[in-house]
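Have a look at the structure below before the remarks.
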Amino acid sequence: MNIEKLYEILLSKKPSDEIKRCEEEIFNFIPELRVCKGFDQKNPWHIYDVYEHTLHVVDGVKPNLLVRLAALFHDIGKPISFNQDDQGIGHFHGHWEESQKIFEEFAKKNNIDDETIYIVSNLIFYHDLNLLKLSDDDIGVVKNIFKEDGLELLFNLKESDLYAHSKKYHSYIEVINKMKERLNYTR
Numbered sequence: 018m019n020i021e022k023l024y025e026i027l028l029s030k031k032p033s034d035e036i037k038r039c040e041e042e043i044f045n046f047i048p049e050l051r052v053c054k055g056f057d058q059k060n061p062w063h064i065y066d067v068y069e070h071t072l073h074v075v076d077g078v079k080p081n082l083l084v085r086l087a088a089l090f091h092d093i094g095k096p097i098s099f100n101q102d103d104q105g106i107g108h109f110h111g112h113w114e115e116s117q118k119i120f121e122e123f124a125k126k127n128n129i130d131d132e133t134i135y136i137v138s139n140l141i142f143y144h145d146l147n148l149l150k151l152s153d154d155d156i157g158v159v160k161n162i163f164k165e166d167g168l169e170l171l172f173n174l175k176e177s178d179l180y181a182h183s184k185k186y187h188s189y190i191e192v193i194n195k196m197k198e199r200l201n202y203t204r
C-alpha cells in the first residue's frame, strides 16, 4: 500500500468496498485504523464500531479527496481518547485532536503536501464541534480557514458523520442547518 493507492481507493465509487477488500494492507499502512475495528463505542449515539462508522462516513461524503481523507481519519483518535462514565456510557472528549495528530503524522510520513494537510487537519478538528457555541471571533476564524469551498466540505463531513449515527439522532440535522445559517453558508 502507498499513498497513491489509498487515494485511488478513496476516490472509488464506494470506498468502503475497496477498503474492506484491501483491509490488511490498509491496516499495515494506517495501523491506528486497525484498532478502530471492533472498538465498541458504548454510546447510544452509535450503532457501529468506530471502523464501521468511519466506513459509512467515507461512503457518505462527496468523491473529493480532501473530505474523504478527513472522513477516513475523523474518528481514528477515538480509541485513544475513550473513557466511560459511571453509567457505562462511552465518551471521546478531544478525539478530534487525537485524530488530527494521527493524520498529521501520517501525512508527513507520506509526503502529503502542506495545503492538503492544512485543509484535512482542520476538517478533522472542526467535524464534531458545535459551531453555534463559538464566539463571533471564533466564527470568523472558521470562515477564514475554510472559505466557501471548504465550508461545503466541512458541512458535507458533518452531515455524513451524523447520518452514520443511530437514526434516532438524525433530527440533529437541524443543528447543522443552524450552524450553516450562523456562518451565512448558502449552498
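Residues 18 to 204 in my numbering are what the sequence shown lists, from first letter to last. C-beta atoms are modelled at their ideal positions from N, C-alpha and C, and glycine is treated no differently. In this text, all values refer to a predicted model and were calculated from it rather than measured experimentally.
Check	Outcome
DSSP beta-bridge partners for Asn-147?	DSSP, once it has assigned bridges, lists no residue as partnering Asn-147.
For Lys-184, count the other beta carbons within 10 Å of its own beta carbon; 16 or more makes it buried, fewer makes it exposed. Which is it?	exposed
Going by beta-carbon coordinates alone, are Ala-181 and Gly-94 separated by less than 8 Å?	no
Are the stretch 145 to 165 and the stretch 184 to 204 touching by the rule of at least three beta carbon pairs closer than 8 Å?	yes
CA-CA distance, Phe-46 and Lys-164?	32 Å
Quick check on His-108: does DSSP put it in helix, strand or coil?	strand
Taking C-alpha atoms, which residue in Lys-160, Pro-80, Met-196, Asp-166 lies nearest to Lys-175?	Met-196
Apart from the five residues just before and just after Asn-106, which ones in its own chain have a Cβ nearer than 8 Å to its Cβ?	First, the amino acid is wrong: residue 106 is Ile here, not Asn. Contacts found: Lys-59, Asn-60, Pro-61.
What are the boundary residues of the alpha helix (DSSP H) that includes Ile-193?	190 to 199
Given a cut-off of 8 Å, decide if Pro-96 and Phe-142 are closer than it, judged by their beta-carbon atoms.	no
In its own chain, which residues sit with a C-beta less than 7 Å from the C-beta of Phe-44, not counting the 5 before and 5 after it?	Leu-50, Arg-51
Taking the alpha carbon of Lys-31 as the reference point, which residue from Asp-66, Asn-19, Arg-85 has its own alpha carbon closest?	Arg-85
Do you know offhand how far Leu-89's Cα is from Cys-53's?	11 Å
For a test of the three-state rule: what should DSSP assign to Gln-58, helix, strand or coil?	coil
One question on the structure: do Cys-39 and Ile-26 come within less than 8 Å of each other, judged by their Cβ atoms?	yes
Out of curiosity, what's the CA-to-CA distance linking Ser-152 and Leu-170?	22 Å
Examine the Cβ distances between the stretch 114 to 123 and the stretch 67 to 76 and report whether three or more of them are shorter than 8 Å.	no
Per DSSP, what are the beta-bridge partners of Asn-100 in this structure?	His-108
Determine whether the beta carbon atoms of Val-192 and Asn-139 lie at a separation below 8 Å.	no
Within a Cβ cutoff of 7 Å, which residues of the same chain sit near Ile-136, ignoring the five residues on either side of it in sequence?	Leu-83, Gly-167
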